[in-house]
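For the sequence shown, the working numbering begins at 142 and goes up steadily by one.
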Amino acid sequence: MTNRPLILITNDDGIDAPALLPLKQALDGVADTLVFAPDHNWSASGHPKTMHKPLRADPTTLSDGSPAFVSTAPPPDCVALATLGVVSRQPNVVVSGINYGANLGYDVFYSGTVAAAVEATIQGLTALAFSRERVDDDMAMAVSRGYHDDAPVEAVDHGPPSRFAAQLTAKVLEHGLPVNVLLNVNFPAVPWNQIEGVALTRLG
């Protein structure tokens with residue numbers, strides 16, 4: 142039996158989202174990991190709770206051979222199902238993302254990515270949500286910053302934000318977070334080598 146902590150990974154872009162596997166592989170260096178993700182995109186779904194219809198959660202395999210669960214549930218219910226008995230181990234941390242599109246300001250009330258982290262917090266777990274700004278969220282601003290990558294989401298390099306997410310998650314595993322506090326982390330749409338640091342702030 143492993144003594145490593147367990148990180149539960151989910152998202153709102155679905156089990157086939159290009160950012161999911163790079164995030165999982167980066168987090169593998171920090172702890173045991175398990176992906177429990179929805180079977181389709183739930184972007185801008187808010188915090189739905191399934192009350193009067195059945196949900197499915199089926200074992201599956203990611204493209205690297207890793208075991209995972211795929212579910213008909215929305216992101217918050219993926220977390221609830223995992224923590225209420227579908228998964229044999231209770232996670233130490235829940236990581237949601239990496240969402241393709243920033244979640245700032247009022248976005249957090251609509252975001253399935255953030256909702257999954259909120260659900261984890263409701264369940265008494267430590268949680269982080271990660272999102273990256275889309276180039277087309279503000280193309281003029283992105284181009285002015287030197288970001289000219291208009292490639293589709295599949296071609297975006299998810300390695301650098303995934304590695305940062307793993308580093309931050311490792312620190313959270315070590316030091317914890319205050320009760321009922323989650324971290325909502327957003328990466329700007331600029332080349333990674335132009336990011337000058339990390340700012341801890343409040344939503345505006």
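Backbone N, C-alpha and C define an ideal beta-carbon position, used for all residues, glycine too. Bear in mind the structure is a predicted one, so any value in this text is a computation, not a measurement.
Query                                                                                                      : Result
For the beta strand (DSSP E) that contains L147, what are its first and last residues?                     : L147 to T151
Taking only three categories from DSSP, how would you classify A310?                                       : It should be pointed out that residue 310 corresponds to Thr in this sequence rather than to Ala. Note: T310 maps to helix in three-state DSSP.
For A261 and A268, I'd like the C-alpha separation in whole angstroms.                                     : 6 Å
Hey, is the stretch 187-194 in contact with the stretch 162-174, meaning 3+ C-beta pairs nearer than 8 Å?  : no
What beta strand (DSSP E) runs, 3 residues minimum, are completely inside the stretch 157-226?             : 173-179, 198-202 and 208-212
Out of V255, P217 and L175, point me to the one whose CA is closest to G206's CA.                          : L175
Just to confirm, is the Cβ distance from N201 to V211 under 8 Å?                                           : The sequence as given places Thr at residue 201; Asn does not occur at that position. Yes.
For Y241, write down the residues that DSSP places opposite it in a beta bridge.                           : R273
Is the beta carbon of P215 less than 8 Å from the beta carbon of S186?                                     : yes
If you compare alpha carbons, which of L309, A209 and I148 is closest to P179?                             : A209
Go ahead and pull the three-state DSSP assignment for A268.                                                : strand
Any idea what DSSP makes of P332, helix, strand or coil?                                                   : coil
If you measure between the beta carbons of F375 and T213, is that distance less than 8 Å?                  : Limits of the chain in this structure are 142 at one end and 345 at the other, which puts residue 375 out of reach.
Measure the C-alpha to C-alpha separation of P329 and A198 and round it to an integer number of angstroms. : 33 Å
Could you check what DSSP says for V235 in three-state terms: helix, strand or coil?                       : strand
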